[in-house]
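Going by the UniProt record's numbering, 513 is the number at position 513 of the first sequence; the sequence numbering is gapless.
Report on the structure given below.
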Amino acid sequence: MNARQAQTLHVFNSLNHNTILTLITKSTSLSQTQQIHSYIIKIGHSNDTHITNKLISLYTNYHHFAYAQSLLYSLPNPNIFSFKPLIHSSSKLNLFNYTLVLFSRLLSVSILPDVHVLPSAIKACAGLSAFKVGKQVHGYGLTTGLALDSFVEASLVHMYVKCDQLGCARKVFGKMLEPDVVSWSALVSGYAKLGDVGNAKMVFDQAGKLGIDPNSVSWNGLITGFNQSGCYSEAVLMFRRMNSEGYRSDGTSISSVLPAISDLEDIKMGVQVHTHVIKMGFESDNCIISALIDMYGKCRCTPEMSRVFEGAEEMDLGAFNALVAGLSRNGLVDEAFKLFKKFKCKVKELNVVSWTSMISSCSQHGKDLEALEIFREMQLARVRPNSVTISCLLPACGNIAALVHGKATHCFSLRNCLLDDAYVGSALTDMYANCGRIQLARVIFDRMPVRNLVCWNAMISGYAMHGKANEAIEIFNLMQRSGQKADFISFTSVLSACSQAGLTEQGQQYFDSMSKVHGLEARVEHYACMVSLLGRAGKLKEAYNMISTMPIEPDACVWGALLSSCRTHRNLSLGEIAANKLFELEPKNPGNYILLSNIYASNNRWNEVDRVRDMMKHVGLSKNPGCSWIEIKNKVHMLLAGDDLHPQMPQIMEKLRKLSMDMKNSGVSHDTEFVLHDVEEQDKELILCGHSEKLAVVLGILNTNPGTPLRVIKNLRICGDCHVFIKFISSLEGREIYVRDANRFHHFYEGVCSCGDYW
DNA sequence: ATAGGGTTAG
C-alpha cells in the first residue's frame, strides 16, 4: 500500500467514524440501535472504543444490560467511559451486587475510577451493608486522592451509617471541608437508629457550629431513628422540640411521631397531635390516618379509633388494616372479623397485612380453626403469605395440637424460603413443642441460621413444657455462651423446668443469679416458680416464708402454686391459708375450690369437702362441672372406701359417664375442661377424668415414671387444652397415634392412660 | 453523577 492509498483509507475511515457517531446519537429506538450495531460489525468497527462506548450507553438506556455488558467485555481497550453507563444505571436501579462486579472489573483492567464512578460503588456497599468492601473502596479512594471529593465524602458517610459504623462515618464527616445537611442528617439519624441518644443529640446540637440549618428531613430522620431503636420518649421529645423551635412539622413528622405515642400509650399527646392534624389540614393523608387509628387502638380508645376510620374520605387499605388490628388488640375479635368479611366482599384487594392481621387476631384469641381457614382463603385469593403470616399461623396449629397443619405450614415455609427468618424458626419450634414433638422442635432450632432472643426462649420453654429440665438448662447455658443475654422469659422457663424436674438447689441458684449476675429483678411469675419448686420438694414452710417476705405483692399464681403444693403433700394448715387468699383474689375460679376440697379429702375431712362445695354454690359456681366433680368425688370415695375396688368399677364408670354427658350438655368450654366420651366399658380400669391442668399433671407423672403401667382403651376421644395434649402425646411416646377426622381437629388417639391415682 | 424522612401484620 502506498502513502496515497493509505491516506485515502484513513480519510474514508475517519469520515465513516464520525458519520457512525452521528448516526448512533440520532438513534431513537432499540431496533435502530441494533441496525446501526450490525452495520458497525459489518464494516469492522466493533473494536473502536469510542463507537462501542456510545453503543454501550444506548443499550444501557434501553435496559439491555446483557447486551451492553457483552460489548463492554469484548472491547480490547475499554476506558472509564465504557464502564460508566452500566455502573451508573445499575447503581440507580439498586442492583448493588452488579455494580460491584462491574467496579471490580474496572479495577482489574487497570482503569482509574473517577469521582463520578466511585460514589456508585460506595452506594452499592451501603445498599449491601458491605462494611469490609466499603472500607476497601474507601482505602482505594484515599490512595488515589479521590476521597477528597465532597461527593465521595458524602457517599462514604452514608455508606458507613448504613453499615452501622458510626465511628467511621463521623471521622469522614469531621474531615469534610463543607459539611452538608444531607450527610449530617444521615449521621444524626444513624445514631438515633442505634439508640445512641447521647451521640445523636451531641451531633445534632453541633448544627449551629457547623453552619448547618436542620430541615424537616433532618428532624424527621431523628424522630424515625429513635422510633426504630425503641427510644419512644426521645422521639416524642424531638417532635416537641421541633415545634417549639419554630420548625414546621410536616405530614412525615406526624406519621413518624404517632407510632412513638402509641407505644408510650400517651393518649394526651395523641389527642394533641390529632388536633394539630386537623388544624394543619393533614386529615386526608392516608399514612397519618393509619397511624392515628393505630394510636387510638393502642391507647384503648376504640370509639375514637372507629371515628377516625369512618371520618376518612376514601377507604384506604392501610387504615382498614390498622382498624382490624386495633379492634382485635382490644378484644373485639368478632367485630374485626365482621369488618374483614365485609371488606373482603366489597374490595377484592386485601393485601398480605390484611390477611395476616386477621390470622393473627384469630390465633391470639382462641379462634384457631378460623385462623387456619382464613389462611386457606388467603391462598385462594392468591395473596402470597410472607414470614409474618407464617409466624402468626403457626401458634394456631400449636394451640390445638394440629400437627398435620403445622407440618404443612412447615413445608410451605420451606418451599417459599421463609425458614431463615428468626420469627418463623421460633414459631416452628414452639409449634412442634406444643404438639408434643420436642425432638422436631430441636431439629428446627439447630438449623436456624440466625437466632434472636425469641428463638432461644422458644426452645427453652419447649423443653420446660416437656419436663426436660436438663435440656432446658443446656440450651439456657448455650444461649449465654453464644452471647445472647437472658431475659425474664428465659428465667421463667428455666425455673419452671427445674421445678418440674425437682431440681430444687439448681433452681434456687438460677433464681439467685437473676439479680446478682444478670441484673434482672425477679417478677411475680418467678416467685410463683420458686414457690412451686420449693413446694414440690416438700419445703412448704420455706415456700410460705418466701411469699411472706417477697418484695412485690404475691398474685393468684403465687398462692396457687402454694395451694397445689399443699395438695401434693396433703398439708392442710398452709393449704387453707393459700386457699383463703385465693378466694379473695379470684372468688370465681373453680380450680381453687377443687384443690382445697382435695386436700380435705386426702385428710379424710369429708364434711369440709361438702362445705367447700357449698362455698362454690354460694359464689355462683353451682353449674360449674367442678362442683359436680367434688360431689362425685365424695361418692367415689365412699364407693372406694370398701375393701375391694373392683366390684365398684362399673358404678364408678356409670357416674363418670353421666357426669361427662352433663358437662357436654351444659356446654362446658373444651378449652379448659377435659371430657371423656365413648368410653368403652372395660373391667378393672380406672379412668382419669377431670380438669385439664390436673390431668396434665398426672400424665406428666406418668411421663417421668416410665414404669407406670399404661393400659389402653380404644376409641377414646379427648378434647382438652394444649397442656393435656402435650403430656398425653409424650406419655404415649413410641406408640402409634391416629388422627382421624383431621378436618375438625378432634384427635382420636388409640390409647389412654390409667393409673392408680385419680383426683 | 451522589446522598437524608412516613402508616398498618410477628
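Quick reminder that beta carbons are idealized off the backbone N, C-alpha and C, glycines included.
Problem - Under 8 Å between C-beta atoms of Trp456 and Ser490 - result: Yes, these two residues count as a Cβ contact at 8 Å.
Handout entry: Segment contact flag, the stretch 30-44 with the stretch 74-83, C-beta cutoff 8 Å, min 3 pairs
Key = No contact exists between the stretch 30-44 and the stretch 74-83.
Problem - Buried versus exposed, by CB contacts within 10 Å (16 or more), His17 - result: Burial is judged here by how many other beta carbons sit within 10 angstroms of a residue's own beta carbon; His17 has fewer than 16 and is exposed.
Practice task
Give the straight-line distance between the Cα atoms of Thr19 and Ile254, rounded to the nearest whole angstrom.
Solution key: Those two C-alpha atoms are separated by around 58 Å.
Exercise for the section: Run through the stretch 268-316 for me and flag every whole alpha helix (DSSP H) of 4 or more residues, listed as ranges in chain order. Expected result: If one requires a minimum length of 4 residues, the alpha helix (DSSP H) runs lying completely within the stretch 268-316 are 286-298 and 302-311, in chain order.
Problem - Rounded C-alpha distance that separates Gly620 from Lys588 - result: About 8 Å.
Exercise for the section: Tell me whether the beta-carbon of Cys557 lies closer than 8 Å to the beta-carbon of Val524. Expected result: Judged by beta-carbon spacing, Val524 lies within the 8 Å limit of Cys557, meaning their Cβ atoms are closer than that value.
Practice task
Taking only the alpha-carbon atoms, compute the straight-line gap between Phe206 and Asn215 and give it to the nearest angstrom.
Solution key: Checking the sequence, you will find Gln at residue 206 rather than Phe. Going from the Cα of Gln206 to the Cα of Asn215 covers about 14 Å.
Exercise for the section: Would you kindly check if the distance between the Cβ of Ile267 and the Cβ of Cys301 is under 8 Å? Expected result: Contact flag set, yes.
Handout entry: Alpha-carbon to alpha-carbon, Ser38 and Val117
Key = Looking at the two C-alpha atoms, the distance is approximately 30 Å.
Handout entry: Exposed unless 16 or more other CB atoms sit within 10 angstroms - verdict on Asn592
Key = Label assigned to Asn592: buried.
Exercise for the section: Determine the contact status of Tyr423 and Ser391, defining contact as a CB-CB distance below 8 Å. Expected result: Result yes, Cβ atoms of Tyr423 and Ser391 sit closer than 8 Å.
Problem - 8 Å Cβ cutoff met for Val324 and Phe340 - result: Taking 8 Å as the Cβ cut-off, Val324 and Phe340 qualify as a contacting pair.
Handout entry: Per-residue DSSP class, three states only, for His569
Key = His569: coil per DSSP, three-state reduction.
Exercise for the section: Compute the Euclidean distance between the alpha carbons of Ser120 and Leu71, then round it to the nearest angstrom. Expected result: Distance between the alpha carbons of Ser120 and Leu71 is about 21 Å.
Handout entry: Nearest neighbour of Asn452, chosen from Gly436, Asp421 and His466 [CA to CA]
Key = Distance check between Asn452 and each of Gly436, Asp421 and His466 places Asp421 closest, using alpha-carbon atoms only.
Problem - Bounding residues of the alpha helix (DSSP H) (the contiguous stretch that carries residue 761) - result: Residue 761 lies beyond the stretch modelled for the chain, which goes from 1 to 759, so this question has no answer here.
Exercise for the section: Please classify Glu234: is it buried, with 16 or more other beta-carbons within 10 angstroms of its beta-carbon, or exposed? Expected result: Its Cβ being crowded by 16 or more others within 10 Å, Glu234 is buried.
Problem - Limits of the unbroken alpha helix (DSSP H) element including Met479 - result: For Met479, the enclosing alpha helix (DSSP H) starts and ends at Ala469 to Arg481.
Handout entry: For Lys344, the nearest candidate out of Val257, Met358 and Gly297 (CA to CA)
Key = Among Val257, Met358 and Gly297, the Cα nearest to that of Lys344 belongs to Met358.
Problem - Identity of the residue in His64, Lys338 and Trp219 nearest Ser29 by Cα - result: If we check each option's Cα against that of Ser29, His64 comes out closest.
Handout entry: Straight-line gap, Gln69 to Glu335 (C-alpha atoms, nearest Å)
Key = Gln69 and Glu335: Cα-Cα distance of roughly 57 Å.
Exercise for the section: Tell me whether Leu699 sits in a helix, a strand or coil according to DSSP, three-state version. Expected result: At Leu699, the pLDDT of 40 sits below 50, so the modelled position is not reliable and the matter cannot be decided from this model.
Exercise for the section: Just mark Ala381 as buried or exposed, buried being the case when its beta carbon has 16 or more other beta carbons within 10 Å. Expected result: Classification for Ala381: exposed.
Problem - Run of the alpha helix (DSSP H) containing Ile489, from where it starts to where it stops - result: Here the alpha helix (DSSP H) through Ile489 covers Phe488 to Ala501.
Exercise for the section: Kindly indicate the opening and closing residues of the alpha helix (DSSP H) around Arg437. Expected result: Note, Arg437: premise wrong, no alpha helix (DSSP H); not H, not E.
Exercise for the section: Determine the DSSP secondary structure at Met378, reduced to helix, strand or coil. Expected result: Looking at Met378 - three-state DSSP - the assignment turns out to be helix.
Exercise for the section: Decide yes or no for the touch test of the stretch 92-107 against the stretch 142-161: beta carbon pairs closer than 8 Å, at least 3 of them. Expected result: By the C-beta criterion, the stretch 92-107 is judged not to be in contact with the stretch 142-161, since fewer than 3 inter-stretch pairs fall below 8 Å.
Handout entry: Close beta carbons around Ala528, own chain, < 7 Å, minus the five adjacent residues each side
Key = Excluding its 5 nearest sequence neighbours in each direction, Ala528 has C-beta neighbours in its own chain below 7 Å: Cys557, Val558 and Ala561, listed in chain order.
Handout entry: Cβ contact check for the stretch 544-552 and the stretch 503-512: 3 or more pairs under 8 Å
Key = Here the stretch 544-552 makes no contact with the stretch 503-512; the two share fewer than three CB pairs at distances below 8 Å.
Handout entry: Start and end residues, alpha helix (DSSP H) containing Pro85
Key = Where Pro85 is concerned, the enclosing alpha helix (DSSP H) stretches over Ile80 to Lys92.
Exercise for the section: State the DSSP-derived secondary structure class of Ile577, mapped to helix, strand or coil. Expected result: Note: Ile577 maps to helix in three-state DSSP.
Practice task
Report yes if the C-beta distance between Met431 and Leu394 is below 8 Å; otherwise report no.
Solution key: Against a cut-off of 8 Å, the Cβ pair of Leu394 and Met431 comes out as a contact.
Exercise for the section: Report the three-state DSSP secondary structure of Arg612 (helix, strand or coil). Expected result: Going by the sequence as given, residue 612 is Val instead of Arg. Looking at Val612 - three-state DSSP - the assignment turns out to be helix.
Practice task
Express the C-alpha separation of Leu194 and Ser129 in angstroms, rounding to a whole number.
Solution key: Approximately 15 Å between the Cα atoms of the pair.
Problem - Cβ pair Asn470, Asn434 closer than 8 Å - result: No, Cβ-Cβ distance for Asn470 and Asn434 is not below 8 Å.
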